[in-house]
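In the working numbering, the protein residues as written are 1072 to 1199.
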Amino acid sequence: MQLDGKTIAILIAPRGTEDVEFVRPAQALTEAGAKVVAVSLEAGTAETVNQDLDPGSRHPVDATVSDVSASGFDGLVIPGGTVGADKIRGSAEAVAFVRGFFEAGKPVAAICHGPWALVEAGVLEGAG
């Protein structure tokens, strides 16, 4: 599946997103031709983790949830990591950002603990 011309947001917490759950989807999307935008709660750099405990890597944040909306993207990926996913579901702005993709009928992928944001957004009622 080619994603040429598509822009995909990956919602990364400032700290605590599982590294492989951010890095691998970003690589796969880029290889498929998509432009990947790292969206976070804070500007600057996001720090990932490995298995929730060990330091992962640092990734530049391209935009904050307060500066973007679902209308600027073709899809969304929400990685897991218990600490990062908890930060995201606790942010009203992040939850509204996620909800916007569902309201627009755009695809959303959530990995591991990432679906916590979907529960918080109230978008799973009747799904499945």
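Note that CB positions come from ideal geometry on N, CA and C, so glycine has one too.
- Residue 1148 is positioned such that its CB atom lies closer than 7 Å to that of residue 1180.
- By the criterion of at least three beta-carbon pairs nearer than 8 Å, the region 1085-1103 is not in contact with the region 1162-1172.
- Residue pairing for residue 1125: DSSP places it in a beta bridge opposite 1121.
- With contacts defined by Cβ atoms closer than 7 Å, residue 1135 and residue 1184 do not form a contacting pair.
- When DSSP states are grouped into helix, strand and coil, residue 1146 belongs to the strand group.
- Beta-bridge pairing by DSSP links residue 1089 to 1120.
- In the DSSP assignment, residue 1154 falls outside any beta strand (DSSP E) and within the unbroken alpha helix (DSSP H) covering 1153-1160.
- DSSP, reduced to helix, strand and coil, places residue 1178 outside both helices and strands of the structure shown, so it counts as coil.
- The shortest C-alpha to C-alpha distance from residue 1099 to any of 1082, 1084, 1073 and 1173 is the one to 1073.
- Out of 1086, 1176, 1084 and 1103, the CA that lies nearest to the CA of residue 1077 is found in 1103.
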